[in-house]
Structure formats: C-alpha cells, structure tokens
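Colleague: Just so you know, the sequences run in chain order A and B.
Following this note's numbering, the numbering of the first sequence begins with -9 at its first residue and continues without gaps.
Following this note's numbering, the numbering of the second sequence begins with -9 at its first residue and continues without gaps.
Before we start, here is the structure in question, set down as structure tokens.
2 protein chains.
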Amino acid sequence: MPLYQKQELKVYNSLSKMKEVFAPIQEGFVGMYVCGPTVYSNVHLGNVRTFMSFDMIYRYLKHLEYKVRYVRNITDAGHLENDADEGEDRIAKKARIENIEPMEVVQRYTLDFHNILQKFNNLPPSIEPTATGHIVEQIELIKKILEEGYAYEVNGSVYFDVLKYNEKYHYGILSGRIIEDAVHNSRTLDGQSDKKNPQDFALWKKAEPKHIMRWPSPWSIGFPGWHLECSTMSTKYLGEQFDIHGGGMDLKFPHHECEIAQSVASNGVQPVKYWMHANMLTLNGMKMAKSTGNNILPAEIYEGTTDKLNKAFVPAVVRFFMLQAHYRSILDFSSEAIEAAEKGYNKLIQAVKTLSLLAPNDTSSFDVSAWRQKCYDAMNDDFNTPILIAQLFEAVKQINLIKVAKATISKDDLQLLKESMQAFTFDVLGLENVDSSKGSDKLEGVVALLIKMRNEARSNNDWTLSDKIRDELKDLGIQLKDAKDGTTYSIDS
Amino acid sequence: MPLYQKQELKVYNSLSKMKEVFAPIQEGFVGMYVCGPTVYSNVHLGNVRTFMSFDMIYRYLKHLEYKVRYVRNITDAGHLENDADEGEDRIAKKARIENIEPMEVVQRYTLDFHNILQKFNNLPPSIEPTATGHIVEQIELIKKILEEGYAYEVNGSVYFDVLKYNEKYHYGILSGRIIEDAVHNSRTLDGQSDKKNPQDFALWKKAEPKHIMRWPSPWSIGFPGWHLECSTMSTKYLGEQFDIHGGGMDLKFPHHECEIAQSVASNGVQPVKYWMHANMLTLNGMKMAKSTGNNILPAEIYEGTTDKLNKAFVPAVVRFFMLQAHYRSILDFSSEAIEAAEKGYNKLIQAVKTLSLLAPNDTSSFDVSAWRQKCYDAMNDDFNTPILIAQLFEAVKQINLIKVAKATISKDDLQLLKESMQAFTFDVLGLENVDSSKGSDKLEGVVALLIKMRNEARSNNDWTLSDKIRDELKDLGIQLKDAKDGTTYSIDS
Chain A
-9 MPLYQKQELK VYNSLSKMKE VFAPIQEGFV GMYVCGPTVY SNVHLGNVRT
41 FMSFDMIYRY LKHLEYKVRY VRNITDAGHL ENDADEGEDR IAKKARIENI
91 EPMEVVQRYT LDFHNILQKF NNLPPSIEPT ATGHIVEQIE LIKKILEEGY
141 AYEVNGSVYF DVLKYNEKYH YGILSGRIIE DAVHNSRTLD GQSDKKNPQD
191 FALWKKAEPK HIMRWPSPWS IGFPGWHLEC STMSTKYLGE QFDIHGGGMD
241 LKFPHHECEI AQSVASNGVQ PVKYWMHANM LTLNGMKMAK STGNNILPAE
291 IYEGTTDKLN KAFVPAVVRF FMLQAHYRSI LDFSSEAIEA AEKGYNKLIQ
341 AVKTLSLLAP NDTSSFDVSA WRQKCYDAMN DDFNTPILIA QLFEAVKQIN
391 LIKVAKATIS KDDLQLLKES MQAFTFDVLG LENVDSSKGS DKLEGVVALL
441 IKMRNEARSN NDWTLSDKIR DELKDLGIQL KDAKDGTTYS IDS
Chain B
-9 MPLYQKQELK VYNSLSKMKE VFAPIQEGFV GMYVCGPTVY SNVHLGNVRT
41 FMSFDMIYRY LKHLEYKVRY VRNITDAGHL ENDADEGEDR IAKKARIENI
91 EPMEVVQRYT LDFHNILQKF NNLPPSIEPT ATGHIVEQIE LIKKILEEGY
141 AYEVNGSVYF DVLKYNEKYH YGILSGRIIE DAVHNSRTLD GQSDKKNPQD
191 FALWKKAEPK HIMRWPSPWS IGFPGWHLEC STMSTKYLGE QFDIHGGGMD
241 LKFPHHECEI AQSVASNGVQ PVKYWMHANM LTLNGMKMAK STGNNILPAE
291 IYEGTTDKLN KAFVPAVVRF FMLQAHYRSI LDFSSEAIEA AEKGYNKLIQ
341 AVKTLSLLAP NDTSSFDVSA WRQKCYDAMN DDFNTPILIA QLFEAVKQIN
391 LIKVAKATIS KDDLQLLKES MQAFTFDVLG LENVDSSKGS DKLEGVVALL
441 IKMRNEARSN NDWTLSDKIR DELKDLGIQL KDAKDGTTYS IDS
C-alpha cells in the first residue's frame, strides 16, 4: 500500500478558500504546474522562498509515493513591463539597454536562476518549458479561443473578451474580484488602445517596429501575451485538467485569473483542481524593493557581502529559516532571525549526527511511532513545516537525553527514529547535511594549536620539539613563518 | 589597441583545408556556432573533449579581446536514429521506453550535460537555443527553400533536392564527397521512401501516428529534419554569414554539408567563413562504444567508479590531459596517460603557487617577453595547446630555478611572468586552481601529527600535555578515541 493511502493530506485551495482532502485526478499520479521566473534579472530572495515552498511540496508528495510530474516554466518572451499589456517586453528592454541579443539575456539569467536554486537545494522540476519554445502551441490556443468566440482581433492583435466570457462563466472566480464593479469603476479607454474594454487582455500583440522579439502568426508578426504561455504549457504537459497549480500570491490576479479564463474559454472546464499560493518575504518589516534599497540578493547571504547581515550564512540555514514559517504566512527576514535560525539548524544537524552514536536499550521511554505520526500530521495539515520542525526538536530533546542516559530507546525504535529524522530533515525539508561553519576552520584551529605548542616548546628552550613541529608540518605542505609579531603559516598547493 | 591586432591568429579551415589568417566578418566581433548535444542520454567523454576544445577556442578569442557571441544548440527534437531520415526520434524513443514525456527526457539530460560541462570548467555559451524553441523559424526556412526551388513536398513531408542544388552549387564542398559518385553507387530506393533520390534529406517529416513530438505546419502535422535547426538558429542569432562553425569531426557529413546546402539554397551565400572540427577520443586504442564496453563516463573519472582506472582524477586533470593534445589530433585515453597528466598538472599548479613566493632580482636570466610571445605563437598557430603547455613547462623550469637562486628575474619580468602564467593557465586553458589530492588530506595529516605527539607525551608520563591535546582538539570539534590498537578520531558536524 503506497504511503499516500495511509496519510490523509489536506491542502488549502485558493479557489475554494478551504482546506480540502487531496485527491488527485488520477490515483497515484500528481500533475503540478508552478509559474517560474521571467529571466531578465537576478532572481530575488522572495522568489527563492516561493520556489522553495513548492520544492518542499514536491518533495513531500514524492515522499508520500506519488508519481509527480512537476512543470515549472521559464518566461523568456511576452512579459511586458506592466499588467495592462503596455510597455516594453522585459527581456527585450534589458537586451536593448545592454546592447545584446534578447536570448543572451535569457541565457544569463536562466543560468543564474538554476545556480541559485541549486544552492538552496531545490530539486529540478520534471520539465522546464519556455514561452519561446511554444509559440506554435500558443498560436493554436488563440485560434481555439477565437473559434469559441471569446476573443477578437483588432489591427493584428488578439484580445480576450472578458465581458463576453463573464456572461457565461465567472471572471474573478479565483481572486474574488467582481468584474461588474471593475467595469463600473474603470476609466474609459483613452482611444490609444485597441481593446474593447480595459479588462480585456492580450493573447497576441502585433509587434511595433522596434520590438525585437517577433514571430509570424495568422494575425500579424508579433508575440504572445504573457498569460497565454502558462495555459498552453500546463495543458500540453499535464492535460486540460490537472491537480496543482502554484505560484506567488502576487500572481493570483491577473495572471492566474486570466489562465483560468483562457482554459475555460477554450475547452469549457476548470483546468486546476487545487490552486496554491505562497506568501511573500519582507526584509526588516518592509517590502523588499531594489528601488528603496531594502533588498538583499540570495548570493549576498552565503557570500556574506551585504551590510544587512553581520556574517555569511550557508544556504541550508536560509532554507531552514524559511521553512520555519508556513508557506502561506508572510515571513520577515532579518539579521537576528537568521542568526537564531542558524543556532536551531546546527542543533538539529548535530542531533542527527548524535543519532548514529546512540546505543539502544531494552525499552523506550520515548514513543517514536506516535511522534512520527505527529510529524506526518503536521505535513498533512497543508504542509505545516513550522509544526514539523517543532516536532523534530522534540526528537532532538529526546536524542540528547538518550545520549546522557536520561532516556531510553529500543533497537527498533532507534531504527525508526533514524529513518524518520533522515526522511523529514533531508528528503522532505531538503536541509543539507552541512555544518554552518566553514570546513577549513578545523584545519586552521588544529594548525593554530600546533603553533601554540611550538611556542611553548620554544619558551621552554625545547628546540627539538619546536623544530620537529615545524618540520613535520612542512612535510604536510604547511609552512610556518616566524616574524616579530608571531608565527603565521601558509598552505602549499 | 586590442590584443587581436597585435597577435596574428591562424585557423585551420576545414572548408579550404588550409590554415588561414583569422579575420572576422566584422572587426572586433566573432560569431561562433557549435553543434551541441542531442539530449537523450548521458554526455560521453568524447563529446566532453569536443566541447572543451571549443571552450578553449572561445576562451582564447575572448583573451584576444574579441567580443564573441558563442551559440551552442540543444537538440531536443528531430534527431532520428539514423542519418537516412529513418527510425524513431532519439528523444521520443527514450521517452517511450521509459514511459515518460519526451520533455522529461530533455530536462534530465540537459541538466546532466550542463552539470558535466561545468565540472570540466567550460564557460556557458552566450545563447543555448533549442530545436523545439524554433519550430516557427524552421517552418519559415523551409518555405524559403521551397520558394527557391530546392525542395519538394511529397505526402506531407518536404525533402531537400540535392541533385537540383548540385546543378548550381556544390554539394560536397566541405566533406569532399562527389555527389555524382554517390548517385552512381547508391542502390535504388526500395519504393517505401518518398524521396526522389537517396541523397535527398528531410526538411519536414509528416508524423506517423505513433510519433509523439509533432507540430502543425503548412504540409502536415509533423516535425523538422535534424539538419534544419542548426541553419535556422545560426542564422537567427549570428546572421546569414558568420565567422566560425564548429563541431565534432563526425558531423562533417552529412550534418554540416546539409547545413551549407540549406543556407546556400535559401539565400545564395556560404554561411560560414571558418569551419572547424574537433577530433575524436579513443579509449585504450579503440573507439569508445557503449555496446562493446570500451566506454567510460565523465563522472566515473572524478568519482573513481570505473575499473578502467586505478583511482579518481579531478576534472582539471582530465582537462589538462585533453589539452595536451591538439584539438585536431586523435587522442587516446588510458590509465597510464591520465596518471602521467596528473603529475604534470600538479607540477604546473605548484609552480604557479611558487611564483607568489619568488623574490625579484636586479636582472633576469630568463627572457620573459620572448617566452610570452612563444606562448602566443603556439595559440596563434591554430590553437596549438600542446605547444603552449610545453612553453608553460619551460616557465615551470625557470620558476623552480629562480626559487633555488639558480636563475634570476627582475621585478618587471616577475610581474609579466605572473600575469602570463595566470592568463594562459587559467583564462585560456581553463585549468582550475585545485590540487589533485583531496583538501581533507591536510587536516588528516595534522591531526595524525598531534596524535603522535600525544602518544609520545603519554609514554613520557606527561599527562598534562596529553590531556591538553585531547581537550583542545575536542574544543575544535575533533574527538580522539583511544583503543587497544591505537588512537582514532572523529570530526563533529
């Protein structure tokens, strides 16, 4: 019997605004789509949190023995500067400013994105499709929406007809927006737009002469609207109806609302069974923004190159910090908070290592099976990682008591505890088994100890020992250098 | 004055079969296209050599202060099992066998490819376009070739008309094949093919019902021919005429020959100024092949998991080994050869480190400027890395003589030597500054030294010192454990 049949997972569905029992469309299989980055700048820490949340979800689903197809796209065309279908393509703009080809921008920031996500121990998705890789499919979807009567062409551009759609379906079903209010409150169009109504959104835009990313289509040489790629690629790789669609909270409207409208308009069914949204990350209590300087880049944390932190922190500590909050809660990043997380992380990893040194007893004073189910209960309650971590620390307490013989554990329970700690800490939470201090510190410390011993030998006029330490270190490729203000060393090759 | 104006680079052009002075189409800029992998299996060591050769070329061009746009594609559709346009798509076949979506195959092996190439310190190309990302552009190119009269449609497939093309142009210009001989010698078609002549090749293939990778086109729902993607993408990102086209020797015919034909047929000009081909890698004197077992995977070398080698070798040693041969020579990989390369590599890296310890003299007994020009001369002679490496070892010899005061170097020459060694060893050859032995060896050695000192203290009944060593190591997180057969240690977290 697969694990998912023994553990009842509940998931908060942004569509129903309720926690629901998770039951995928096809038993044993999960199709999950998560909106990926627009690759025109370095990935920011808030994005890292979003993708880490869905990585944790992906890991837990796999742990429950679901076969998961996880699709996360790369937006490499079509994402304009603002949501009203105006402004330049973000990638093309960056390319124009730097005087390079747009696909060079895409390459640079896709590599950065992969690199950063790998640092934080995120598993790669099963498929990572791109918008430019699905121009043909996007054009086919536009044709279908036009055929169904929910879109119109004007001057080579095609727009989705939101009001027409809303007559039969519900535009605003996800975000809770009421389209009639929006129509009532919105200003009239200034005449420069081809849209019938300001709520309409572009499926295809005719390219201005200066627009460098362009493809032929039945309507014009142009480019697809941003919302279209996700409908196209989720349908292609997961089917017209699939299980989970995730993304950052900020994508709920208009992006995800438009995705629903496009899918429903083209085939009449709700595309997604469970919509899931990850909450945002703030820095020192305020929204992160490059413009205000209240910003921190992921690499600045582990390279220790930001004045917002007193020291560097390994990526695993950052991951631990983020998973200490529930994915649907706002989380505030600060120097104090990450320092506290480092202490907790080290304590947890230390306990996992201690586990291998424990000797079993005849009986257990700690009910491991009950504890283990509490860990599952936490995760089954909409992936409640803070509660899971609290449970792991309950185990840490017991491990440290067993170590000093103030508690006991049987052989079977010790085995179960080891397996469970391994599974939740590394497989599910994805925390890496690394010390948060640098490995070279140990060598430094040991060499410093030898230098100290040599200094003592020298002050005792024990030149034999003093020379011996120097020579043996030299044989190991470590050169001591005596100077007025003390002894330093250098390490060969 | 940029460096490329001071150093005259000559490049062996496979098209003219001569070394030619390198003069890019637009002064100061180089457009370079290299055929990348078909991502349906793990990248093999021969491919690693090919991509490393072009990485070295890319690095040297950048070193010469050219602005290089380096495009290397990913073939994720259209590459059939054999060159006669027959058989299954390689990626689709793998997907069918493993019962997964083709793009899952693509994702897995693209990640593997990136990971392996990064291990061997290859720089990422400027753009890494995919075949599926350019279906629209490929269809447009087919239309153009049809319009020019060099292709024909049969039953929804489109074929390039090689004989018609050869009436006006020269099919075989690169590979030296004479099409008339081929026509004369080839068997007649068996009637199952739609082709007019066996030499013709597919531009578009109508998809069989079982073919899972398919796109709409004016001719049929189908997929592009393999040769087409490279013509399409090189033109899109580098223009109708560009400077360098590279690839493995095995791609010369038919792949590159077909690329030339497609480009010339569509716009009448030779697309590439310098064709460059890297030679193959053999293993113990024989062709590498999975089927015969005479095969070694890149990761097996640095993980030490092949019975073909006595130990593991760091990727930088493999890189050094490969660059010891000229990129146009066949190179044989063997246990003895890589062990010898490791010694050479370590000697080179050691000398680079020694450089920083050298003290300058008033005069030089070593003519650094002349030596430096010899390094350039080697690279300028069609990227002759074995000669460059021989020159670097001339410098190693001098560095070691200066170290023991048997040779002298002036301050300015020392500076020039440092800069040149840095530039050629790390920037151009891309050798990483790593020791081929593990870093943890040093810590092991130093701790062993302390254990030895503690044992001596104990045999002298100096318990104060003995305890002190144990306690101070413990504070550093290193636990000593005394047992009957000696003292061992463990390192915390």
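All residues carry an ideal CB built from backbone N, CA and C; glycine is no exception.
Owing to the predicted nature of the structure, the values given are computational and were not obtained by experimental measurement.
Just to confirm the assignment: which complete beta strand (DSSP E) runs, minimum length 3, are found wholly within the stretch 278 to 359 of chain A?
Modeller: 321 to 323
Colleague: Whose C-beta lies closer than 6 Å to the C-beta of residue 125 of chain A among residues of the same chain, with five residues either side of it excluded?
Modeller: 205
Colleague: I'd like to know whether the C-beta of residue 126 of chain A is nearer than 8 Å to at least one C-beta of chain B.
Modeller: Yes, its Cβ sits closer than 8 Å to a Cβ of chain B.
Colleague: Taking a contact to mean a Cβ-Cβ separation below 8 Å, would you say residue 123 of chain A touches residue 123 of chain B in this structure?
Modeller: yes
Colleague: Can you tell me whether residue 454 of chain A is buried or exposed, with buried defined as 16 or more other CB within 10 angstroms of its CB?
Modeller: exposed
Colleague: Assign residue 223 of chain A to one of three DSSP states: helix, strand, or coil.
Modeller: Secondary structure at residue 223 of chain A: helix, using DSSP grouped into helix, strand and coil.
Colleague: Listed in chain order, which residues of the stretch 106 to 123 of chain B have Cβ atoms closer than 8 Å to some Cβ of chain A?
Modeller: 114, 115, 116, 117, 118, 119, 120, 122, 123
Colleague: Is residue 381 of chain B close to chain A? Criterion is C-beta to C-beta, closer than 8 Å.
Modeller: no
Colleague: Between residue 246 of chain A and residue 258 of chain A, is the Cβ-Cβ spacing less than 8 Å?
Modeller: no
Colleague: For residue 165 of chain B, collect the residues of the same chain with a Cβ closer than 6 Å to its Cβ; drop the 5 residues on either side in sequence, then sort them by chain order.
Modeller: Cβ contact annotation for residue 165 of chain B (same chain, cutoff 6 Å, sequence separation greater than five): 242, 243, 247, in chain order.
Colleague: Quick one, which of A/-6, A/190, A/300 has its alpha-carbon nearest residue 153 of chain A's?
Modeller: A/190
Colleague: How long is the line joining the alpha carbons of residue 376 of chain A and residue 310 of chain A, rounded to whole angstroms?
Modeller: 10 Å
Colleague: Got a sec? Which residues, its chain only, sit under 7 Å from residue 60 of chain B by beta carbon, not counting five neighbours each side?
Modeller: Closer than 7 Å at the Cβ level, and outside the excluded window around residue 60 of chain B, lie 22, 48, 115, 116.
Colleague: Is residue 267 of chain B near residue 223 of chain B, with beta carbons less than 8 Å apart?
Modeller: no
Colleague: Below 7 Å on C-beta distance, what does residue 93 of chain A contact in chain B?
Modeller: 117, 119, 227
Colleague: Does DSSP put residue 43 of chain A in a helix, in a strand, or in coil?
Modeller: The DSSP-derived three-state label of residue 43 of chain A is helix.
Colleague: Excluding sequence positions up to five away, which residues of its chain have a Cβ less than 6 Å from the Cβ of residue 43 of chain B?
Modeller: 268, 317
Colleague: Can you tell me where the beta strand (DSSP E) with residue 59 of chain A in it begins and where it stops?
Modeller: 57 to 62
Colleague: Closer than 8 Å, CB to CB, is residue 146 of chain A near chain B or not?
Modeller: no
Colleague: Let me check you understand the geometry: is the CB of residue 476 of chain A closer than 7 Å to at least one non-hydrogen atom of the ligand FAD?
Modeller: In the structure shown, the ligand FAD is absent, as is every other ligand, since no ligand is present at all.
Colleague: Closer than 8 Å by beta-carbon distance: list the chain A residues that pair up with residue 33 of chain B, in chain order.
Modeller: The premise fails here: residue 33 of chain B is roughly 16 Å from chain A at the closest Cβ pair, so nothing lies under 8 Å.
Colleague: Could you pull the start and end residues of the beta strand (DSSP E) that residue 141 of chain B belongs to?
Modeller: Secondary structure note for residue 141 of chain B: its beta strand (DSSP E) is the uninterrupted segment 141 to 144.
Colleague: For chain A, check one thing: does any of its Cβ atoms lie closer than 8 Å to the Cβ of residue 468 of chain B?
Modeller: yes
Colleague: Ignore the nearest five residues each way along the sequence and tell me which others in residue 194 of chain A's own chain have a CB closer than 7 Å to its CB.
Modeller: 132, 147, 148, 207, 209, 212, 214, 215
Colleague: What separation, rounded to the nearest whole angstrom, lies between the Cα atoms of residue -6 of chain B and residue 473 of chain A?
Modeller: 46 Å
Colleague: Just list the residues that DSSP pairs residue 149 of chain A with in beta bridges.
Modeller: A/142, A/192
Colleague: Would you verify that the beta carbon of residue 205 of chain A is, or is not, closer than 8 Å to some beta carbon of chain B?
Modeller: yes
Colleague: How big is the Cα-Cα spacing for residue 198 of chain B and residue 68 of chain B?
Modeller: 13 Å
Colleague: With DSSP run on the structure shown, which of helix, strand or coil describes residue 217 of chain B?
Modeller: helix
Colleague: Helix or strand or just coil, what does DSSP make of residue 90 of chain A?
Modeller: In the structure shown, residue 90 of chain A adopts coil according to DSSP, grouped into three states.
Colleague: Within the continuous alpha helix (DSSP H) that includes residue 490 of chain B, where are the two ends?
Modeller: Only positions -9 to 483 of chain B appear in the structure, and residue 490 of chain B is not among them; the question remains open.
Colleague: If you draw a straight line from the C-alpha of residue 169 of chain B to the C-alpha of residue 249 of chain B, how long is it?
Modeller: 16 Å
Colleague: Beta-carbon of residue 36 of chain B versus every beta-carbon of chain A: anything under 8 Å?
Modeller: no
Colleague: Nearest chain B C-beta to residue 211 of chain A closer than 8 Å, yes or no?
Modeller: no
Colleague: Quick test of the definition: if touching needs 3 or more C-beta pairs under 8 Å, does the stretch 8 to 23 of chain B touch the stretch 268 to 283 of chain B?
Modeller: no
Colleague: Do residue 225 of chain A and residue 488 of chain A count as a contact pair if the criterion is CB distance below 8 Å?
Modeller: Any property of residue 488 of chain A remains undetermined from this structure, which presents chain A solely from -9 to 483.
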